[in-house]
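The opening residue of the sequence shown carries number 6 in our numbering; numbering runs sequentially from there.
Even glycine gets a Cβ: it sits at the ideal position worked out from N, Cα and C.
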Amino acid sequence: MERRLATRMQDLQTSDIREILKVAVSSSMISLAGGLPTPEVFPVDELADITREVLELDGPAALQYSTTEGDAELRQAIADRMARVLSIKANADEVLITSGSQQGLDLLGKAFLDKDDAVLCESPTYLGALSAFQAYQPKFVQIPTDDEGMRLEHLAERLADTPRVKLIYVVPDFQNPTGRCWSLERRQGLLDLARRHDAIVVEDCPYAEIRFEGEPIPPLKSLDLDDRVIFLGTFSKIFCPGMRLGWTIARREILEKLVLVKQGADLHTATLTQRQVFRFMTRYGFRAIIEQVRDIYRRRRDVMVQTLDQELPPGTRRTHPCGGLFVWLELPPEIDARIVLKKCLEVDVAFVPGGGFFPNGGHENTIRLNFSAMPEDRIEEGVRRLAAVLRREMEMEPAVAIGAWQ
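Right, here's the structure in full:
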């Protein structure tokens with residue numbers, strides 16, 4: 006069987022997150038692993054009404070095949086909302102509806118990447134993007150990051166000396182996995198470098214609206230003067246992930262190519278789901294849900310970072326996310342997070358080791374923690390159990406505080 010598979014299958018590996026979530030489903034497990042939105046904000050009753058309305062008013066059309074580009078009214082509604090909320094100006098015909106933004110990543114890989122093409126990305130970066138691009142056998146070039154985003158001097162060097170750069174992939178707002186948010190200066194600097202080197206930028210933007218504090222920073226796409234940014238959006242973090250609905254915004258000649266490869270993937274995203282989301286947008290909008298999400302996640306973030314500061318031993322550092330779903334930990338270099346995870350699972354706590362977020366390996370002394378999916382008391386207890394395991398590993402006593410990246 007193995008010899009009949011495509012050679013690219015040899016490089017594909019299962020996701021750390023997928024494997025951890027398999028063992029994190031027990032009711033006794035405190036999961037700080039997956040990036041799951043909290044289900045208490047899902048509008049179940051409203052969607053039940055919306056679904057009845059869609060079937061009554063649009064029934065035959067909602068259950069029929071649709072266009073690959075997506076429902077015309079939904080594309081226009083998304084374009085209008087992007088202009089209003091994120092200052093991104095796009096026409097409806099520059100919007101492609103996808104089955105979650107994850108499909109957008111796969112379509113970009115299929116459309117842009119040949120074997121050994123280069124993808125420049127943050128170090129660390131989103132594991133799902135690595136999985137999507139990996140099938141097309143590119144070379145990942147990691148760009149060092151700090152609290153403000155990619156370090157532009159390193160990006161400039163790699164753009165100058167790396168052959169066949171096809172894409173620069175970034176998550177500027179409350180990045181998965183670190184929770185960091187790029188400064189305006191870094192965003193403008195990235196666009197300037199991309200312009201000078203004629204590079205395409207992929208901006209993955211699932212978290213920008215989940216800001217707890219500070220002033221919003223414009224997305225790259227809203228600052229893009231020469232239409233080289235491809236923007237990926239999703240309803241998964243601001244609405245319902247199970248609906249698997251996202252969108253890609255790009256200039257028309259790029260979008261046309263993405264439409265071609267999407268036709269071969271699934272013909273189109275589910276028509277019924279598109280109509281449900283459009284009618285929900287029209288009747289309710291997302292403001293109330295997003296405000297509720299911000300309030301809940303802010304409280305959970307606060308509990309997590311406060312407990313981390315109280316419980317973790319010296320030599321450990323964390324990020325301080327001003328939005329999003331994640332906190333990032335850096336342990337002393339001699340500590341292996343995968344060994345720590347194994348021992349944490351024995352006391353019913355799960356997290357994601359950070360090494361998988363680095364495409365070229367290493368950094369096994371890092372951890373991603375999620376605070377969106379667990380209530381405050383479970384977060385507090387989970388962090389305490391994690392800290393106890395770490396103290397045993399490091400043979401240290403509890404400390405009153407740890408260093409924090411601000």
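Query raised in the report: Going by Cα to Cα distance, which pick from Leu101, Thr183 and Pro326 is closest to His273?
Result: Leu101
Query - Exposure of Leu265, with buried meaning 16 or more beta-carbon neighbours within 10 Å - result: exposed
**Report entry** Residue from Val345, Ala342, Thr12 and Val388 with nearest C-alpha to Glu316
**Finding:** Val388
Query raised in the report: Smallest Cα separation from Leu196: which of Arg80, Pro223 and Thr183?
Result: Pro223
**Report entry** Between the CA atoms of Gly329 and Ile294 - distance to the nearest angstrom
**Finding:** 15 Å
Query raised in the report: Hey, quick one: how far does the beta strand (DSSP E) through Thr150 stretch, first residue to last?
Result: Lys144 to Asp151
Requested in this report: Classify Ala11 as helix, strand or coil using the three-state DSSP reduction.
Outcome: coil
**Report entry** DSSP three-state assignment for Glu3, whether helix, strand or coil
**Finding:** What the structure shows of the chain is the stretch from 6 to 411, and residue 3 is not part of that stretch, so it cannot be assessed.
Query raised in the report: DSSP three-state call for Arg233: helix, strand or coil?
Result: coil
Requested in this report: Under the assumption that Leu112 contacts Thr103 (Cβ atoms under 8 Å), give the Cβ distance between them as a whole number of angstroms.
Outcome: 7 Å
Requested in this report: Could you pull the start and end residues of the beta strand (DSSP E) that Ala412 belongs to?
Outcome: Residue 412 is absent from the structure shown; the chain starts at 6 and stops at 411.
**Report entry** Separation of Ala11 from Pro221, as counted between CA atoms
**Finding:** 45 Å
Query raised in the report: Which residues in the same chain as Leu214 place their Cβ atom closer than 6 Å to its Cβ, once the five residues preceding and following it in sequence are excluded?
Result: Position check: residue 214 holds Glu in this sequence, whereas Leu was assumed. Excluding residues within five positions, the ones whose Cβ falls inside 6 Å are Ile243 and Ile295.
Query raised in the report: Met248 to Val282, Cα distance in whole Å?
Result: 9 Å
Query - Residue from Tyr302, Ser71, Asn375 and Pro337 whose Cα sits closest to the Cα of Val357 - result: Asn375
**Report entry** Selected residue, minimal CA-CA separation from Arg89, among Arg292, Gly360 and Arg303
**Finding:** Arg292
Query raised in the report: When the Cα of Leu346 is compared with those of His325, Pro364 and Thr371, which residue comes out closest?
Result: Thr371
Query raised in the report: Can you list, in chain order, the residues of its chain whose CB lies under 7 Å from that of Ala66, leaving out five sequence neighbours each side?
Result: none
Requested in this report: Compute the Euclidean distance between the alpha carbons of Leu164 and Asp50, then round it to the nearest angstrom.
Outcome: 50 Å
Query raised in the report: Where do the N-terminal and C-terminal ends of the alpha helix (DSSP H) with Val175 fall, by residue?
Result: From DSSP, Val175 is part of no alpha helix (DSSP H) but of the beta strand (DSSP E) over Val170 to Val175.
Query - Exposed unless 16 or more other CB atoms sit within 10 angstroms - verdict on Asp209 - result: buried
Query raised in the report: How about Cys327 and Glu190: do their beta carbons lie closer than 8 Å?
Result: no
Report task. Would you please state the rounded distance, in angstroms, between the beta carbons of Ile83 and Phe285? I believe it to be under 8 Å. Result -> So it is not a contact: roughly 13 Å between Cβ atoms.
Query raised in the report: Quick one, are the C-beta atoms of Val394 and Val352 less than 8 Å apart?
Result: yes
Requested in this report: Please state whether DSSP places Thr312 in a helix, a strand or coil.
Outcome: helix
**Report entry** Same chain, Cβ closer than 8 Å to Tyr289, neighbours up to 5 away in sequence not counted
**Finding:** Pro48 and Glu51
Query raised in the report: How about Met379 and Ser36: do their beta carbons lie closer than 8 Å?
Result: yes
Query raised in the report: Over what stretch of residues does the beta strand (DSSP E) that includes Thr103 continue unbroken?
Result: Val100 to Thr103
Query raised in the report: By Cβ distance below 7 Å, which residues in the same chain neighbour Leu62 in space, the five residues on each side in sequence not counted?
Result: none
Query raised in the report: Quick one: is Tyr70 buried, meaning 16 or more other Cβ sit within 10 Å of its Cβ, or exposed?
Result: exposed
Query raised in the report: If you check the beta carbons only, do Glu99 and Ile254 fall under 8 Å apart?
Result: yes
**Report entry** 6 Å Cβ shell around Asp122 - same chain, five flanking residues per side excluded
**Finding:** Pro143, Arg169 and Lys171
Query raised in the report: For Ala95, which of Cys245, Arg373, Ile235 and Val298 has the nearest alpha-carbon?
Result: Ile235
Query raised in the report: Among Thr278, Val310 and Arg185, which one has its Cα closest to the Cα of Gly64?
Result: Thr278
Requested in this report: Let me know the secondary structure DSSP gives Ala355 once reduced to three states.
Outcome: strand
Query raised in the report: Which value, in whole angstroms, describes the spacing of the CA atoms of Ala97 and Asp85?
Result: 8 Å
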